[in-house]
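J.:
Number of protein chains: 2
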Amino acid sequence: MMKVTVLQNIMSANDQLAEKNRILLDKNKVLGVNVMSSPGAGKTTLLLGTIKRLKDRVKMAVIEADIASTIDADKIAAEGIPALQINTGGQCHIDANMVANALDKLALKDIDLLFVENVGNLICTADFRIGAQRSIMLLSVPEGDDKPFKYPLMFTTVEAVIISKIDYLPLSDFNLEKFKSTVSGMNPKVKLFPLSAKTGEGMAEWTAWLEAQLKEF
Amino acid sequence: MMKVTVLQNIMSANDQLAEKNRILLDKNKVLGVNVMSSPGAGKTTLLLGTIKRLKDRVKMAVIEADIASTIDADKIAAEGIPALQINTGGQCHIDANMVANALDKLALKDIDLLFVENVGNLICTADFRIGAQRSIMLLSVPEGDDKPFKYPLMFTTVEAVIISKIDYLPLSDFNLEKFKSTVSGMNPKVKLFPLSAKTGEGMAEWTAWLEAQLKEF
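Protein sequences appear in the order of chains E and Z. Every number in the working numbering is 9 more than the matching position in the first sequence, counting from 1. Every number in the working numbering is 9 more than the matching position in the second sequence, counting from 1.
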């Protein structure tokens with residue numbers, strides 16, 4: 010029982026901090042987007058492609074989270090976008106406290122759109138709210154179309170699912186229509202964006218949705 | 010401080026149970042192999058291909074672990090191999106206690122080689138010993154060659170790394186030689202098996218290693 014109580018206290022403290030982060034983002038008119046996926050589904054490549062398409066008209070920044078290394082933050086910074094690396098040192102997700110510390114270091118009044126690239130993990134990241142107003146996930150074609158059944162929480166807690174690496178479809182048995190219908194059945198309001206950040210296919214629909222979120226917000 | 014103490018107690022209790030599992034496996038002359046990877050790296054497809062190649066001469070069984078669903082156990086059972094599904098109900102890894110319960114349900118004296126297909130997770134699974142005498146991981150080509158830097162623990166705690174889905178290499182910027190040299194640098198004793206369970210390329214080297222482990226054991 011003690012284990013359960015401690016866990017509940019951690020989650021409740023996290024939710025309170027997440028709410029503080031959200032208020033801070035709202036106050037500064039920053040739209041936070043929590044970006045989640047398995048390792049290697051293409052989060053950084055998606056963000057790089059998004060930045061290239063939007064940087065002339067949207068002020069962006071990225072918080073990168075990894076167990077170790079600064080590989081992703083270095084790639085983002087090379088695009089001239091503020092990038093802040095969190096190394097979790099082994100923790101399988103970021104929590105609201107880590108994001109609060111990162112928000113302290115960013116000039117929020119100069120940012121419209123803040124991506125938080127979470128640790129590569131399809132499970133733990135879905136459990137921890139960080140205060141972002143939108144949550145999205147990527148599922149890459151090579152991972153297979155059965156993943157919603159195996160990792161249901163993630164697919165039901167996001168506003169948008171990016172089906173990434175569709176340039177691999179010709180080599181794969183991934184059934185795009187079946188996948189879309191499975192995910193829509195589990196999460197009827199979800200938006201689905203099949204795309205390839207490498208070829209650019211589908212990127213316009215995704216960035217149009219992002220810009221619409223910025224306007225609604 | 011309380012959080013840390015509780016966590017240490019959990020880990021220590023897990024290690025003790027893992028040791029019990031290992032003794033039970035040793036006593037029954039069963040070689041346990043803990044199979045880990047990101048979601049969708051091809052664990053089940055690798056096991057299906059391995060089973061097809063070895064089932065005439067090796068008595069195998071599989072413990073399948075997933076957050077939810079019995080998709081993988083159903084596929085294994087269709088090959089005529091004993092398959093037992095653990096649903097962790099949200100937990101991001103299996104622990105020694107779950108495996109102990111599964112071992113209770115298997116006829117260990119009729120098994121030479123027991124695969125434990127862990128939850129799809131490149132982080133948490135590496136932290137929990139389950140008592141298997143061998144640990145392996147898969148890194149699929151579409152995930153990218155930078156993963157050892159981002160998830161170092163997993164790459165340093167396994168005896169073998171399967172580089173899966175090499176049939177995707179022509180579409181990918183994955184640098185196989187660079188990847189091999191990175192992983193060997195981090196874990197000098199590791200065996201590396203580039204393969205495609207789909208085309209069969211590289212499967213013979215992997216199953217030869219497995220059979221050698223069975224003999225050494």
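Yeah, the Cβ is synthetic: ideal placement off N, Cα and C, and Gly gets one too.
Just to confirm, does Z:GLU88 get its C-beta within under 8 Å of one of the non-hydrogen atoms of the ligand HEM?
T.: For the ligand HEM, the structure offers nothing, since it holds no ligand at all.
J.: Output yes if chain E places a C-beta closer than 9 Å to the C-beta of Z:ASP155; else output no.
T.: Yes, its Cβ sits closer than 9 Å to a Cβ of chain E.
J.: Under the DSSP definition of a beta bridge, which residues are partnered with E:VAL125?
T.: E:VAL125 pairs with E:ASN43 and E:ILE72.
J.: Under 9 Å, Cβ to Cβ, is there at least one residue of chain E near Z:PRO203?
T.: Cβ-Cβ to chain E under 9 Å: no for Z:PRO203.
J.: What is the residue span of the alpha helix (DSSP H) that E:ARG62 lies within?
T.: Counting along the chain, the alpha helix (DSSP H) containing E:ARG62 begins and ends at 52–63.
J.: How many Å lie between E:SER149 and E:ILE172 at the Cα?
T.: Roughly 6 Å between the two C-alpha positions.
J.: What do you get for E:SER21, buried or exposed, if any count of 16 or more other CB atoms within 10 angstroms of its CB means buried?
T.: Exposed.
J.: Short check: CB of Z:GLY129 to CB of E:LYS159, under 9 Å?
T.: Taking 9 Å as the Cβ cut-off, Z:GLY129 and E:LYS159 qualify as a contacting pair.
J.: Using 8 Å as the threshold, is the segment 130–144 of chain E in touch with the segment 40–49 of chain E, meaning 3 or more CB pairs across them?
T.: Touching, yes.
J.: Taking only three categories from DSSP, how would you classify Z:LEU143?
T.: The residue asked about is misnamed: residue 143 of chain Z is Arg in this sequence, not Leu. It is a strand residue.
J.: Return the first residue and the last residue of the beta strand (DSSP E) that Z:PRO203 is part of.
T.: Residues 200–203.
J.: Hey, could you find the ends of the alpha helix (DSSP H) E:SER193 is sitting in?
T.: Unbroken alpha helix (DSSP H) run through E:SER193: 185–195.
J.: Should Z:ALA169 be labelled buried (16 or more other beta-carbon atoms within 10 Å of its own) or exposed?
T.: Burial call: buried.
J.: With distances taken between CB atoms, is the gap from E:LEU204 to E:ILE175 smaller than 9 Å?
T.: Yes, they are a contact pair.
J.: On the DSSP bridge list, what partners appear for E:LEU219?
T.: Answer is none; E:LEU219 lacks a bridge partner.
J.: Can you name the start and end residues of the alpha helix (DSSP H) that E:ILE80 belongs to?
T.: Per DSSP, E:ILE80 belongs to the alpha helix (DSSP H) from 80–86.
J.: Between the Cα of Z:ARG66 and those of Z:GLN25, Z:ASN110 and Z:ILE120, spot the shortest distance and give me the residue it belongs to.
T.: Nearest of Z:GLN25, Z:ASN110 and Z:ILE120 to Z:ARG66, Cα basis: Z:ILE120.
J.: Hey, does Z:SER193 have any beta-carbon neighbour from chain E nearer than 9 Å?
T.: No - not a single Cβ of chain E is within 9 Å of the one on Z:SER193.
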